[in-house]
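Line by line, the protein sequences are chains A and B. For the first sequence, position 63 (counting from the first letter as 1) is numbered 64 according to our numbering, and the numbering increases by one without interruption. For the second sequence, position 86 (counting from the first letter as 1) is numbered 87 according to our numbering, and the numbering increases by one without interruption. Built from N, CA and C at the ideal position, the CB exists for glycine as well. Take a look at the structure set out below.
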Amino acid sequence: MAKRIDINNLNVYYSDFLAVEDVSLAIEPKSVTAFIGPSGCGKSTFLRTLNRMHEVIPGARVEGEVLMDGVNLYDARIDPVAVRRHVGMVFQRPNPFPTMSIAENVLAGLKLNNRRMSKVEAAEVVESSLRGANLWEEVKDRLDKPGSSLSGGQQQRLCIARAIAIKPDVLLMDEPCSALDPISTLAIEDLISELKSSYTIVIVTHNMQQAARVSDRTAFFNIAGTGKPGKLIEMNDTSTIFSTPSEKSTEDYISGRFG
Amino acid sequence: MTITEEQSDAAAGVTGLTARTQRTANSIFAGLSVTSASLILVVLAAVATFLLVEAWPAITDTSGELASRVEWIDPEIGESLIQIIGFLVFGTILISTIALLIATPLSIGIALFISHYAPRKLAAGLGYVIDLLAAIPSVVYGLWGAIVLLPAIQPFYNWLGTTLGWIPLFAPDPTTGVVSATGRVALSAGIVLAIMIIPIITAVTREVFLQTPRLHEEAALAMGATRWEMIRMAVFPFGRSGMIGATMLGLGRALGETMAVYMILSPGLSYSFGILQAGNHNTIASYIASQFPEANSQGVAALITMGLALFVITLLVNMLARWVVSRRAAFSGAN
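Laid out in structure tokens, this is it:
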């Protein structure tokens, strides 16, 4: 379960364009790490290198290494598909499969592993995953209804249930609340706090209060200007970043002077 | 708006709330689109009426009087118009089904390759070539089929007939004991029709596949789906109604295709499933084309009755497709 990630001197390219430059940081297991920074600073791009999802875009590549419990995810022998089965991801906008029911959505990832499950076993996974995502009570009577019949916040929790159903080692969240109302946001934030007892969680957020509320460690990314690569400015305990950051630009950003 | 108008409007205190000339453009456009939409209904109604009115004498001909004046119906040996239409409907559906069975998987494969596998440049070029295929007139396909395809494929039919002849579909001719030596059989017609409908099915399914929301594709990939699993999980379910629609468009073209079938098929009338036997099948469109030039007025009425039958088949096929699509509307992804 929960694994630690060490990133060493990572450069991310889109073809010849250097999008993120020379990032080194450590992500502790069973903790929440937040990435904050202005739009376009490369924090989402960087997040997607942690499960090799950036490779979906043609021409994207990295230099450097991402070690998950010591195993380099970019080793030539590593299959990106297998990486993604260990590093789950939740996206900016809720994206349950519209053609599947709520239960089918939860089981979608397990079906990929070609595991033949008994009905009882499947029902157990659906229940435990939905409970894990704090959604069970709301949907237990309509598991066969389409996932798209839920509200936005419920859909996002369904996506979290889908992600944790395959029992990943790490859970990546790319601005998971940016399309949600405050109540749903609160529900997701509570959920994040619960999930960190069993998972390593990395969250990208535009909302600094959110970073302050949910994360243990915070990394601040910034960009010098359009066309320049994004960089890690500093990383520290969340309380330190939000009270006594060591860099001037971090202080400017968190106090709302730019970004 | 001129300055004086603005001033007077301002004086009246209604600046920005008054009707402006855009209203006229709006109503013109609304009128235009309503007219175009109604025109389609009018045309459909006109076609249906024409078919019914013209076919009426043949439909109501219970005494066999009309049949006796049509040279290609021979009541002496018990032939009737309904019987012939039955054979033709069977032949039409059989050959179209062969075409669809060949064309649909190929088209979906090509469309997937273009939308999800090929590098962008190759995809654009290939898409262009496929669209070009759609522009070739059917008579050219017919010529190509008759001159190039038939001789090339006949040996394959021989092989099919000898090795798989125990399957009724590929059974050799019971009288001669071999498959057709010319290759002018239902399977050939089906193959040429398949090639003709591949461009339309490919073009539509390709567009549908390209519309798959990136979010859903990424959801599947992020769970550790391979590309093929992602396609099964996100692309196919999303494109399901589009694929059915594309297939129906292709079927529509196959059902109505005249020239290619006319030039390739050795015609005949029967309910035989032997698609490697010549002189067993014909399609409605091809039959009408072959008999129309020589037809007297009763003959024309009889042929139009066949046209009506084809019209009804097309309607039924479309209704079936709609029903299939609507069955899981809640899960379609449209909401």
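Coil, strand or helix - residue i by DSSP
| i | result |
| --- | --- |
| MET118 of chain A | coil |
| ILE8 of chain A | strand |
| TYR15 of chain A | strand |
| SER25 of chain A | strand |
| ALA204 of chain B | helix |
| PHE36 of chain A | strand |
| THR177 of chain B | coil |
| ARG94 of chain A | coil |
| GLY153 of chain A | helix |
| PRO268 of chain B | strand |
| ALA20 of chain A | strand |
| ARG163 of chain A | helix |
| ARG53 of chain A | coil |
| GLU190 of chain A | helix |
| GLY184 of chain B | coil |
| GLN211 of chain A | helix |
| TRP160 of chain B | helix |
| GLY87 of chain B | helix |
| THR3 of chain B | Bear in mind that the predicted position of THR3 of chain B carries a pLDDT of just 49, short of 50, making it too unreliable to give a figure here. |
| PRO152 of chain B | helix |
| PHE259 of chain A | coil |
| LEU316 of chain B | helix |
| ALA83 of chain A | helix |
| ASN336 of chain B | Because ASN336 of chain B carries a pLDDT of 41, less than 50, the predicted location of this residue cannot be relied on, and no value is offered for it. |
| THR63 of chain B | coil |
With 16 other Cβ atoms within 10 Å as the buried cut-off, status of residue i
| i | result |
| --- | --- |
| ARG24 of chain B | exposed |
| VAL67 of chain A | buried |
| ASN10 of chain A | exposed |
| ARG258 of chain A | exposed |
| VAL48 of chain B | exposed |
| LEU198 of chain A | Per the sequence presented here, residue 198 of chain A reads as Ser, with Leu not at that position. Burial call: exposed. |
| ALA335 of chain B | The predicted position of ALA335 of chain B is uncertain, since its pLDDT is 47 and thus under 50; a value taken from the coordinates is nonetheless stated next. By the neighbour-count rule (16 or more Cβ atoms within 10 Å), ALA335 of chain B is not buried but exposed. |
| ASP70 of chain A | exposed |
| LYS44 of chain A | buried |
| VAL36 of chain B | The displayed chain sequence assigns Thr, not Val, to residue 36 of chain B. Counting Cβ neighbours within 10 Å, THR36 of chain B comes out exposed, since fewer than 16 surround it. |
| VAL107 of chain A | buried |
| HIS129 of chain B | Before going on, a small fix: residue 129 of chain B reads as Tyr here, not His. Answer is exposed; the Cβ neighbour count stays below 16. |
| TYR118 of chain B | exposed |
| TYR263 of chain B | buried |
| TYR272 of chain B | exposed |
| MET231 of chain B | buried |
| THR3 of chain B | Reliability of the predicted coordinates at THR3 of chain B is poor, the pLDDT of 49 falling under 50, and no value is obtained from them. |
| GLN155 of chain A | buried |
| GLN157 of chain A | buried |
| PRO184 of chain A | Note that residue 184 of chain A corresponds to Ile in the displayed sequence, not to Pro. Exposed. |
| ALA26 of chain B | exposed |
| GLY191 of chain B | buried |
| SER256 of chain A | exposed |
Counterpart residues of residue i in DSSP-defined beta bridges
| i | result |
| --- | --- |
| ASN73 of chain A | A:LEU68 |
| ASN223 of chain A | A:LYS232 |
| SER102 of chain A | A:PRO147 |
| THR201 of chain A | A:VAL171 |
| VAL1 of chain A | Chain A is shown from 2 up to 260; residue 1 of chain A falls before or after that span and cannot be answered. |
| VAL88 of chain A | A:VAL171 |
| HIS282 of chain B | B:PRO268 |
| ARG218 of chain A | A:THR34 and A:ASP238 |
Chain D residues whose Cβ lies nearer than 8 Å to that of residue i
| i | result |
| --- | --- |
| HIS217 of chain B | Note that chain D does not occur in the displayed structure, where the protein chains are A and B. |
Does the stretch 251-259 of chain B come close enough to the stretch 134-154 of chain A to have 3 or more Cβ pairs within less than 8 Å? no
Could you name the residues of the stretch 224-255 of chain B whose beta carbon sits closer than 8 Å to any beta carbon of chain A, in the order they occur along the chain? MET224, GLY225, ALA226, THR227, GLU230, MET234, ALA235, PRO238, PHE239 and ARG241
Mind listing which residues of the stretch 113-135 of chain A have their C-beta closer than 9 Å to chain B's C-betas, in chain order? LEU113 and ASN114
Quick test of the definition: if touching needs 3 or more C-beta pairs under 8 Å, does the stretch 225-234 of chain A touch the stretch 193-206 of chain A? no
For the stretch 236-246 of chain B and the stretch 126-144 of chain B, state whether three or more C-beta atom pairs, one from each stretch, are separated by less than 8 Å. no
Residues within the stretch 86-98 of chain A neighbouring chain B, beta-carbon criterion of under 9 Å: ARG86, HIS87, VAL88, GLY89, MET90, VAL91, PHE92, GLN93, ARG94, PRO95, ASN96, PRO97 and PHE98
Please list the residues of the stretch 41-58 of chain A that have a C-beta atom closer than 7 Å to any C-beta atom in chain B, keeping them in chain order. The residues in question are ASN52, MET54 and VAL57.
Any residues in the stretch 155-170 of chain A with a beta carbon nearer than 8 Å to a beta carbon of chain B? Which ones, in chain order? CYS160, ARG163, ALA164 and ILE167
Can at least three beta-carbon pairs, one atom from the stretch 48-62 of chain B and one from the stretch 279-293 of chain B, be found at a separation below 8 Å? no
So, do the stretch 48-58 of chain A and the stretch 211-222 of chain A have three or more beta carbon pairs nearer to each other than 8 Å? no
Count Cβ pairs between the stretch 97-107 of chain B and the stretch 119-130 of chain B that sit closer than 8 Å; are there 3 or more? no
Would the stretch 167-181 of chain B count as touching the stretch 69-81 of chain B if we require 3 or more Cβ pairs under 8 Å? no
Using a Cβ distance threshold of 8 Å, determine whether the stretch 156-172 of chain B contacts the stretch 82-90 of chain B, with at least three qualifying pairs required. The stretch 156-172 of chain B, when compared against the stretch 82-90 of chain B, does not touch it at the 8 Å Cβ threshold.
Using Cβ-Cβ distances below 8 Å, what residues of the stretch 70-83 of chain A are close to chain B? VAL82 and ALA83
Contact list for the stretch 176-191 of chain A against chain B, Cβ threshold 9 Å: none
Chain-ordered residues of the stretch 274-289 of chain B with a beta carbon less than 9 Å from chain A: none
Segment contact, 8 Å Cβ cut-off, at least three pairs: the stretch 96-106 of chain A with the stretch 141-152 of chain A: yes
Counting beta carbon pairs with one atom in the stretch 213-233 of chain B and one in the stretch 112-131 of chain A, are three or more of them shorter than 8 Å? Yes: at least three Cβ pairs fall under 8 Å.
With 9 Å as the limit, tell me which residues of the stretch 104-135 of chain B have their beta carbon closer than that to any beta carbon of chain A; keep them in chain order. PRO120 and ARG121
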